[in-house]
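Accompanying notes for the structure given below.
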Amino acid sequence: MAPRKNFRNQAKKEVKPAAVVNKNGVKVEASVAASGGGFSGTKIFTWFMVLALLGVWSSVAVVWFDLVDYDNVIAERAKEFRFNFSEVLQGKLSAYDADGDGDFDVEDAKVLLGLKERPVSVLLREAKEEYAVKEPDAAPTPDDDVDGSQNTDVESEIQAAVPLPPISDDFIPDDSRDEATHPYELVEKAQPQQTVEESKQYNNQPGSYNNQPGSPETKETVQLRYNAEAESVPEPEADVEPEVESVPEPEADVEPEVESVPELEAEFVPELKENAEDQPKDKLKEKAKKKKPKLLNKFEKTIKTEIDAAEKLRKKGKVEEAVRAFETLVLQYPQSPRCRYGKALAEDGLAEKMLSNDMLQKAIGTYKEASELPNATPDLIKATLKKRAERQQFLGRMRGALATLEKLVQIFPEDMALKNDLGVAHLLIGDNNSAKRVYEEVLATAPSDGFAKVHYGFILKSENKIAESIPFLRDGLESGDPGTDDGRFYFHLGDALQRMGDDSAYKWYERGHQRGHFASVWQRSLYNVDGLKAQPWWTPKDTGYMDLVKTLERNWRIIRDEAQSVMDRTTGLFVPEEENLREKGEWGQFTLWQQGKKAGESCRSVPKTCGLLERYPEATGCKRGQIKFSVMQPGTHVWPHTGPTNCRLRMHLGLVIPKTGCKIRCTNDTRAWEEGKVLIFDDSFEHEVWQDADSYRLIFIVDVWHPELTQYQRQTLSPI
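At position 472 of the sequence shown (counting the first as 1) the number is 1201 in my numbering, and the numbers step up by one without a gap.
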């Protein structure tokens, strides 16, 4: 302040000359006017100081009184961001809306100049968008997860319907039944340390709708599998709330939002991968009409800032802090469904991080609590119970998930997507009859529902209603609806057409190949490891298992004699083939190893044969194969079919081979067996068998790991 005081004193001492008005009407000092505008040294200093002070006060005015030429600022920014200045004036630059108010104006310019911080809501919105971009597409599954899922050996027939006992909403039983009751099982996630990725997780057996390679897992195995890949669709933040597939009675103020990230609506089924131009226009319109769900009730809108803060922690991956934040909110607002839902999501994330099924079970309980609180919005109830069902299915608690989905359907009876999910839940426990009834209800209300059509067609085919299944499978695939672009449905449609003698089957196989479901039209296995050598026929030298082949061929008579000793029909040791692969005839099998596990009782009947194989882990340890005797009676024909995986090769040792009438085709190459000789082929390629001899044909089948699989892969790949 001192300099300003001195300047004022100096100014008082000067004698002011008379003012003169110049030609512009501006008063100037007479001395200046007389001298033509010249300045003395003292006056130059004086005006320098005046201008300096004006600069200081101008800066203050810019900040405090908004005295900024924002038009110029915007024009400069227009060059920097490459947008048209005329668009600025017309308010069309919502993409550059920095303060989240829906337009581009002075406040946005302040943010661009760094004079104002961006609102938290905008930052949260951008964080969500960035997160969504980084998230992998789902695939498969809603509901997971339904993740959907599956298995048993290649070609197992559909199981009989299993009646469900009454289940209370509070009861979440473990699913401990054996694999025979699970033809439609939970999707398997890669173990955390596993590096091998299987391109598809679907089984191809006629009676099973499975995503999981191998037999259904036991409860203990499933509990070891919880991992970071369990949830493939990011949860939305509090202010950008998750989309629900169909929101009942949306309110008028809800703005439509175009779906940008596929919802994991069938975690059991992968999301459609078509380009926009491939989808029907009415489907695109349907997506555009989806409404933003309302998860907050009236009271919760008053505490939205607190909810947002806790959500921000969760979205940043600070799940421990998020759990604590939501626990605090639940204590403060115990009747808030949104706070409890946030707590469940945070616990879910923490379970994922800790690989803890106990924590996941806690989240499942919290989801239930949130759905039962008064004043929960319909959208929150739907989102909460759907997530609960997903996590129950992930833990293998299929009956608990079924009860949750049944409750959802009771609350939202008009929601066909939920009914579709319920149908899959019935399939997951092997109750095909109940699933069939559900899909009949859906199709009665929504006859063009593609998801219901492919599943209904699948069930018909599992009942061996081949001709009836074709139009449902075909129409469902052609619909392009989410959940229909699935290798299983291409497989079953092609198989049904082949059995009806329709060559258009290969057009559908080709389409399945183009969609990425099959390695080729011939090689249609769905449990694959990428990059393995693929050829239909192999020589012993190709495999590298020369010692095993020599052992089998040198001892074929010993193996034959033991097989014949257990062929007596009265012993019942050979069981009929039950994979629905025969067009006609009789085909029996006697299994010694299955999924890398020895059948001790069977080996006691043929001890020499089992003893010969004990030292060959490439066979006895092949978790994706079997070792078994196979007897086929005259007049038998096996439909063209493929095995489930490219991870194995199949050896056939001829034991009793009629001179004529027995042959096997793999792709377009047909061969015959010889007694005492080994044939080797890759059964993931299409193959077909004829037995038109006058006597039975007996062979010994030995599956071995594909020679290019590493030891680590052999240890970590799941069983089939």
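Built from N, CA and C at the ideal position, the CB exists for glycine as well. Small disclaimer: the values here were computed from a predicted structure and weren't measured.
Between N1375 and L1261, the CB-CB gap stays under 7 angstroms. For Q1324, the three-state secondary structure derived from DSSP is coil.
Sixteen is the threshold: when 16 or more other Cβ atoms of the shown chains lie within 10 Å of the Cβ of N1149, as they do, the residue is buried.
In this structure, the beta-carbon distance from K1072 to T1095 falls below 7 angstroms. When rounded, the separation of the alpha-carbon atoms in P1022 and Q1064 is 20 angstroms. In this structure, the straight-line span from the alpha carbon of G1317 to that of Y1168 is close to 35 angstroms. Annotation: the continuous alpha helix (DSSP H) that includes S1198 extends over 1195 to 1208. The Cβ atoms of L1382 and L1281 sit closer than 7 angstroms to each other. Annotated three-state conformation of S1447 is coil, per DSSP.
Boundaries cannot be given for T1389, as no beta strand (DSSP E) includes it and DSSP labels it neither H nor E.
DSSP, reduced to helix, strand and coil, places S1359 within a strand of the structure shown. If you look at E1417, you'll find it isn't in any alpha helix (DSSP H); it sits in the beta strand (DSSP E) that goes 1416 to 1420. By the CB criterion at 7 angstroms, G1372 and D1412 fall inside the cutoff. Counting only runs that start and end inside the region 1115 to 1177, the alpha helix (DSSP H) elements of at least 4 residues fall at 1127 to 1140, 1145 to 1157, 1161 to 1174. One thing to note: S1233 has its Cβ no nearer than 7 angstroms to the Cβ of L1222.
Under DSSP, P1436 shares a beta bridge with no residue. In this structure, the CA atom of I1110 is about 12 angstroms from the CA atom of Q1139. Beta-bridge annotation (DSSP): R1379 is paired with F1410, D1432. Its chain contains V1335, K1337, T1338 as the residues whose beta carbon lies nearer than 7 angstroms to that of E1291, once the 5 sequence neighbours on both sides are disregarded; these appear in chain order. Note on Y1441: under 16 other CB atoms within 10 angstroms of its CB, so exposed under the neighbour-count rule. For the pair C1395 and F1414, the CB atoms are nearer than the 7 angstroms cut-off.
Counting C-beta pairs closer than 8 angstroms gives three or more between the region 1147 to 1163 and the region 1121 to 1138, which meets the contact rule.
Minimum Cα-Cα distance from V1431 among the listed residues L1302, V1059, R1069, W1285 corresponds to W1285.
Taking the Cα positions, F1123 is about 38 angstroms away from M1229.
In the structure shown, N1104 adopts coil according to DSSP, grouped into three states.
Of all alpha-carbon atoms in Q1420, K1388, E1330, the one lying nearest the alpha-carbon of M1361 is that of Q1420. Judged by DSSP in its simplified three-state form, P1211 adopts coil rather than helix or strand.
Residue environment analysis places V1171 among the buried positions, since at least 16 neighbouring C-beta atoms fall within 10 angstroms of its C-beta. Contiguous alpha helix (DSSP H) elements confined to the region 1247 to 1327 occur at 1269 to 1272, 1275 to 1283, 1285 to 1294, taking only those with 4 or more residues.
Cα atoms of K1270 and V1433: separation of roughly 14 angstroms, rounded to the nearest angstrom. Burial is judged here by how many other beta carbons sit within 10 angstroms of a residue's own beta carbon; F1028 has fewer than 16 and is exposed.
For S1177, the closest C-alpha among the options V1367, Q1323, L1156, T1213 is that of T1213. Comparing alpha-carbon positions, the option among E1207, Q1264, T1445, I1386 lying closest to Q1324 turns out to be T1445.
The three-state reading of DSSP puts V1052 in helix, counting H, G and I together. Excluding sequence positions up to five before and after Y1345, its CB lies within less than 6 angstroms of the CB of L1277, all in the same chain and listed in chain order. The region 1202 to 1218 makes contact with the region 1179 to 1194; the number of CB pairs closer than 8 angstroms reaches 3 or more.
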